[in-house]
Every structure is written in C-alpha cells, then in structure tokens.
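Each residue of the sequence shown is one higher than the last, beginning at 210 in my numbering.
Glycine included, C-beta positions come from ideal geometry on N, C-alpha and C.
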Amino acid sequence: MNQMNFRAPSVADVRIVDDFWSPRQVATRMATVPVFYERCREAGILDHIDPDIAVKPRLALNGVHGQTAQRFWDSDVGKLVEMAGYVLVGARDPELEAKIDALVDKLGRMQQPDGYLNSWFTYQEKGKRWTNLRDDHELYSAGHLIEGAVAYFEATGKRKLLDIMCRYVDHIATVFGTGPGQKRGYCGHEEIELALVRLYHVTGKRKHLELARYFIDERGRQPHYFDEEARARDVDPAKYYFGSYEYGQAHIPVREQNKVVGHAVRAMYLYSGMADIAAEYGDLSLKAACDRLWDDLMRKRLYVTGGLGPSARNEGFTSDYDLPNETAYAETCAAVGLVFWANRMLRIDLDRRYGDAMEVALFNGALGGVSLDGSLFYYENPLASRGAHLRWKWHRCPCCPPNIGRLIASLGRYAYGVAADALAVHLYVGSDLRCTLSGTNVRIAQQTRYPWDGAVSIEVEPETPTSFGLHLRIPGWCKAPSLRVNGQQIDLGSVEKGYVRIEREWKKGDRVELDLPMIVERIHAHPDIREDAGRVALKRGPLVYCAEACDNAQPVYAMTLPADASLAPNFDAQLLGGVVTLRAEAMADAVGEASGSLYRFAPPPRQKAELRAIPYYAWGHRAPGAMQVWLRGD
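So this is what it looks like as structure tokens:
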C-alpha cells in the first residue's frame, strides 16, 4: 500500500477554467440538468415520490426478465439531486434550488417512521421491503440518494436531505449485519458501498464506514443469501434469469475474485467500493483483489475507447477477448464507473496505469455518451455503426444522462489527489485548486489547451513558503516529456510508476511547465481479438479517433490505411465545437459497381482516397452514416 492517501478534493475546492471542459460543464448546467428534470417529470418519476399523489400508475414489466425500471426510479432522483448539487457549486441558481428543495421535501414526507425510504415498496409493493435484494435495487437506490444528499449538502450547506438519509442509513444498519435477528444480505446491484464511504467523509461517523465494509465483506459468502431469500419467497434459486450470481459479482467472496464478470456497471461500482474500503482500513487483501481484477480488465476485456461490457444480454462481460465493435454494448455508465474505480485506485497507489485508464475512459467511453449540447444521450457506445445508432431523448432506463452529467459537473474531484504533505495531478485541465498542504493554504492554478496540446503550466501559490511534494502524471502515450520549474530543466529519470515527484519548498510565483508532445499513434489489438485482426486504430494524446461517413468521400468500411501513410493533425475551430482532425492518404476498394456479381475471382480494384478522422467522443452529431474506430491497415 502507498504510504500516502491521496483523497479527492471537494468539488467546491476546484474551479474548472478550461477551453475544453468549461463548455461541457456549462452544457451540463444549462441543458443536462433541466432536460433530465423535465423528462423525469414527464415520465412520472417525480410524481412517484410525491405523497400528495394518491394514485401512482404502474408501468408494464419488461417482457424479457419481468422487471421494470420503475423499481429503481428513486436512484434517478438521487442522481438528479447529485448532478444539480455539483452545478450549483459553480453558480447558485435559486430556481433550480427551489425545485430540488421541493423534491427533498417530498422525500422527507415519504420517509416512514422507522426511517425507511423507497417509493416502490411504499406505494407499489407494500409489505415486501427487503424480500428480494437480488433483483429489487433497494440498497442501490438508497446509495444514489445518499450521494445526492452529500453533493447537495456540500454545494448549498442545506442538510435536510443529508439528515433524511442518515436516518435511513440508521434503519438499514438495524436490518443488515451479523447480529442476532439481522439479515446477512447485500444488494444485487452494488452502489451503496461507495455511497456510504462518501457519507462517512461528510459525517465523520465511523458507523457509516463500518456498514460499507460489512456489505463488501458479506458479498458472496455461503450459505448464499440470494438462495435463502429466494426460497423464502417460494422461488427456486435455480430459475434465476441470469443463471449465475456472477451477474452481480456475488458468486464468491470479493477477496477471492480474480476475473471481471457479470454486469459491467455493477462491477465498476463494487470495485470502487472495494478500493475505498482498502484505502480506509489499509486492507491489503482488498487491494490485492482489486489489482487482480484490474489486470484482468485491462488485459482481456477493455475496449480501446475505455468502454467495457460487450454484451447487451447481461449489460456486461462475456469471454476473454470478446470485444465486437458494431454490437458493442459499452454502456456509458460503465465507462463512468471505470473513472470512479481508477480514481479510487489512485488514492491508494499512485500508479500511472490507473490515471491513464481514467483519462481514456473519461475522454472517450464516457464523454461520447452525451451530445455536445448536453441534451441527447447514448446508452450503448459501439465502435462501429452503419448509421442507425443515434442519440436518444429518453430511455426506459434513464441512468446514463445523470451519470455522465454528474461526472462532468464534478470533474475537479478526479483531476487532483490531496495528501497531508503532497499533491498529485491526475488530469490536465485548466483549473484553480484551493487545498491545505503541510498545514499551509495553497492555491494551484493550472493552464493548458489539453487535449489538443500537451503544454501544461502550473502556478503554485502557498500563503507562506512551505515544503510539499508535487506529483505529475506522465501519460504512457507520451514518449518525450520535458519539465521545468521556474525555467530550470528538471531531470525526468526518477519517474516512479509514471508520476514524477518534485519535492521542494514552494513560494508564491513558482511555476511548473510540463510539456507532453502529442504524436498520432497507431494502435494494434491483441491477436485474440478476432474482430480487430488486420486493423488499426488511431490515437492522439488521450483521444481515440474514428472515421465517419460524412467526412469521407469513400465508404469508411472500404478504406485501408497504409502503414507508411503520414497522419496530419489539424485543429478546426469550426467543426464540432473545435477539434483536432487527422488526415491521411489511404486506399479504398471500389464499391457500388454496376456488376451484380456477389463473389468474384479477383480482389476489387483500389483507388487513392483521403481519410479524415475525428475524436470518437464527437461522432454522431451530423448526418447519420457509417462510423468505424478500427480501420483496415496494411
């Protein structure tokens, strides 16, 4: 375990001032939050928590597995409150606060005398609370309401929802545990584990942390709780729709797990909670399990975009190296979850592999899930499309919009890690951080044009001269970094696990200049990824690129990128909000010939064609058409 504990700063301690990310935070505040609020209202989600509405319609069950997203609508309310809280940090909005305060009031009036708080089991299935933890998301919904309460309290200082959720957590702690008469249960969909740690960071109450540890430790133990509760409902456990408890990572105790399995979002939330508990308790066994699972994900199951989970059937993982492109599920929430997990791993082990993965998932797999204006969304994020995959306004399971929204709005939490006498810079983003290092108030001002340019300038301004370590991530993609402090070149030979540490007494006006030259890289897949055999992907800095039909005169599926083709980056301020495009001279098969022959004895003739590629996150904003990340390569 790293002897330093790099905790994420509060969102209120970091102000984003960045050409790339500030417009996205504005879009989150001006579009994603109000749009999601209105669509939740139209769908009946907000009515469902309103005690004054006596008759609450019940949605039809999903015909595939007999469930309905209405069971966990409370989680969407929680994420809405959390997202609103984060945007209110930067710009207090009385109208938005009034709407959220009204939701908080409804939640407070819905809460039962014993502290229980769940709209489905209060209004739809009375008397069935805590009878089906495997499927019914009760603790999952509680977790998102907890996270919403924490964010709203940190943003506004209003603690009404925080107090409501503390009462609910007290109730949960009486129901679950190892004591006499308690249920030895845990949620089928993980989330409450990491939420309880966040609650602990605000309340300082150890009981909140202990409950999180209980849920981590209990998962997957025998006799299996899900079997026991199924029998108590007179249901045969063997008839579980998903077949195996691998679906919810509950097949064996977490410390024994070494393969990433099941539902991708559930996995990322569980592993985030495991990393949190490992950090809080110095638990080497949990850290070791996280490391095994991390290696399995990175070596066998991760898309080049940072997307994860290839299968729609289980919204998750299948077999080793199964990474299809056009049918990739790669749920937006899963990429967001990978950002969460990577950030928590950085807390306990300052290793570039976590920072690099967090960056890839953030800029590609997660960011692609929301339109540039913040109003339309992807649930799935394929790496190839024939033109029919379009962003949607609403989804029967609307978890992705607030998930990507809360990530963008709270970006400052992921950019830095703060220890007692050290600061780590994980992400390069224009920002202003206020923190305490070595007992001294310090301001860190970062300026950069990242991800278009790798030049980063950091001003360090302690109130009084003070000594602390400044750790800077040197991305794995950068082959020739350079570093200067106050104009003096710094030797980068002592980089440890991908972070360079500058230890000195810092004074006002000290300036750190990090240069990370960006070159265009060709990425080749592992030979066992059959769909990518003979293909190449393009990456520049943290950004993965794709080719869209609207940018290319020849069909993107018919184009081949020669190995010796020169790839020219060019910043186009008028395109897609301003992006660096890549251009190269490629070859294209002649298609659409008059001949009706389906097969032939000679390969199709080739012709020269200009290839133009854009960042993957920006695809799908113009005329619908084919898209590909993996191109044929010579």
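Enclosing alpha helix (DSSP H) for residue i [first to last residue]
i    : result
M507 : 493–509
V384 : 369–384
P814 : P814 -> no alpha helix (DSSP H), and no H or E assigned at all.
L348 : 347–365
K288 : 282–299
A252 : 242–252
Residue interval of the beta strand (DSSP E) (run including residue i)
i    : result
I225 : 223–225
G626 : 625–627
N612 : Taken as a continuous stretch (DSSP letters only), N612 belongs to no beta strand (DSSP E), being part of the alpha helix (DSSP H) at 609–618.
D781 : 777–781
Nonlocal neighbours in the same chain, by C-beta distance under 7 Å from residue i, ignoring five residues either side
i    : result
A767 : A797, D798, V800
N211 : Confidence at N211 is low in this model, with a pLDDT of 47, below 50, so the placement of that residue is unreliable and no value is reported for it.
L636 : E568, Y623, A624
M477 : A543, G546, L547, F549, W550
D492 : I486
F215 : L555, R556, L559, G626, V627, A628, A633
D760 : R821, I823
V298 : V220, A221, A364
Candidates the options, of which the one nearest residue i by Cα
i    : options                : result
W329 : Q279, E757, A300       : Q279
A597 : G614, E291, G829       : G829
P813 : T769, P824, R318       : T769
K416 : D283, P824, T383, R430 : T383
N467 : M477, Y409, D500       : D500
P671 : R815, L297, G718, D314 : G718
I732 : K716, P726, R749       : R749
G352 : L403, A782, K335, E334 : L403
L840 : G805, L807, V753, I617 : V753
P674 : S580, Q234, N650       : N650
F229 : T790, A758, D662       : D662
M239 : Y825, E535, M292, I262 : M292
K414 : R338, I425, D372       : D372
R658 : P690, D724, E712, P684 : D724
Burial state of residue i, where buried means 16 or more other Cβ atoms lie within 10 Å
i    : result
Y434 : buried
D443 : exposed
Y349 : buried
W686 : buried
S703 : exposed
V848 : Outside the shown range of the chain (210 to 843) lies residue 848, about which nothing can therefore be said.
K315 : buried
Y246 : buried
D843 : exposed
G388 : exposed
V226 : exposed
Y808 : exposed
L342 : buried
P432 : exposed
Q837 : buried
N695 : exposed
H503 : In the sequence as displayed, the identity of residue 503 is Trp instead of His. W503 is buried by the Cβ-count criterion.
Beta-carbon contacts of residue i that lie in its chain and below 6 Å, excluding the five residues immediately before and after
i    : result
C542 : V474, C608, C609, N612
A537 : P519, P591, L592
A566 : A551
R248 : W603
R224 : D641
K716 : P674
A439 : P446
Y361 : V290, G294, L370
R643 : D222, R652
Counterpart residues of residue i in DSSP-defined beta bridges
i    : result
V694 : Q697, V721
E819 : E794
L679 : L632, I711
L770 : G842
C755 : I823
Q655 : S640, I667
R520 : One detail in the question is off: residue 520 reads as Ser in this sequence, not Arg. According to DSSP, S520 bridges with G525.
P586 : Looking at the sequence shown, residue 586 is not Pro but Phe. Answer by DSSP bridge pairing, in chain order: V579, W601.
M836 : S594, E757
R749 : V729, L752
Proximity test, residue i beta-carbon vs the ligand ADP heavy atom, cut-off 8 Å
i    : result
D505 : Among the ligands in the structure shown, none appear at all, so the ligand ADP cannot be discussed.
Cβ-based neighbour list, residue i, same chain, cut-off 8 Å, excluding 5 preceding and 5 following
i    : result
S284 : H346, Y349, S350, G352, H353, L354, E400, C608
A269 : T277
K688 : P726, I728
CB contact below 9 Å: residue i versus chain C
i    : result
A360 : Chain labels in this structure do not include chain C; a single protein chain is all it has.
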